[in-house]
Amino acid sequence: MDTLKKLRHQKNIRQIDVATALGIARTTYAMYESGQRTPDKEMLIKLADFFAVSVDYLIGYVSIPPQMSQLNEIGLLDWYKKLPEAAPEDLQKLKDIWEIIKKDENS
Numbered sequence: 767m768d769t770l771k772k773l774r775h776q777k778n779i780r781q782i783d784v785a786t787a788l789g790i791a792r793t794t795y796a797m798y799e800s801g802q803r804t805p806d807k808e809m810l811i812k813l814a815d816f817f818a819v820s821v822d823y824l825i826g827y828v829s830i831p832p833q834m835s836q837l838n839e840i841g842l843l844d845w846y847k848k849l850p851e852a853a854p855e856d857l858q859k860l861k862d863i864w865e866i867i868k869k870d871e872n873s
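Mapping of the sequence shown onto our numbering: position 1 corresponds to residue 767, and the numbering continues sequentially without gaps.
1. Where do the ends of the alpha helix (DSSP H) carrying Leu-857 lie?
2. How long is the line joining the alpha carbons of Leu-788 and Leu-849, rounded to whole angstroms?
3. To the nearest whole angstrom, what separates the beta carbons of Ile-811 and Val-819, a pair I think is in contact under 8 Å?
4. Would you report the Cα separation of Leu-824 and Glu-851, rounded to the nearest angstrom?
5. Would you grab the beta carbon distance between Tyr-798 and Leu-842 for me? Rounded to a whole angstrom, and I think it's under 8 Å.
6. Taking its Cβ as the centre, do 16 or more other Cβ atoms sit within 10 Å of Pro-854, making it buried, or is it exposed?
7. Suppose the cutoff is 7 Å on Cβ atoms and the five residues either side in sequence are ignored; what does the same chain contact list for Arg-792 look like?
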C-alpha cells in the first residue's frame, strides 16, 4: 500500500514507530507497506485511526485525504474528537470565538 508509506513519511515517523503504536511487528507493518501482506478489517481501522484518515482513503477508494489529517498534524484531532461530549454552552462559546476569528480575518 503506497498510501501507508506516504502517510508515514508525511508524519516523519519510522516503520517501527507505527508498528509499536499498533502492537504489531515492524516486519508485519513493512509487509503492509510493500503490499506483500494485506491488513484485515480490524487492522485497517487501526491504521486509519492512527493516520487520522478514512479506511476508504487508506484502501484507495477515495483519492482526497480528509481534513482530519491536518487536524492531527497540528495536535487538534484528540480535542476535536471530544467535541460531541462537550456541554452545549461550551460549544456555543467555541462557536462565538470562531465567529470573532473569522470576522477579524474578513476585516
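Glycine is no exception: its CB is placed at the ideal position from the N, C-alpha and C atoms.
Please read these numbers as outputs of a predicted model, since none were measured by experiment.
According to the structure shown:
1. For Leu-857, the uninterrupted alpha helix (DSSP H) run begins and ends at 854–872, by DSSP.
2. Leu-788 and Leu-849 have their C-alpha atoms roughly 25 Å apart.
3. Separation of the CB atoms of Ile-811 and Val-819 is rounded to 11 Å, and the pair is thereby denied contact status at 8 Å.
4. Straight-line Cα distance between these residues: approximately 27 Å.
5. Not a contact, Cβ separation roughly 27 Å.
6. Around the beta-carbon of Pro-854, fewer than 16 other beta-carbon atoms lie within 10 Å, marking it exposed.
7. Closer than 7 Å at Cβ, skipping near neighbours: Gln-781, Ile-782 and Ala-785.
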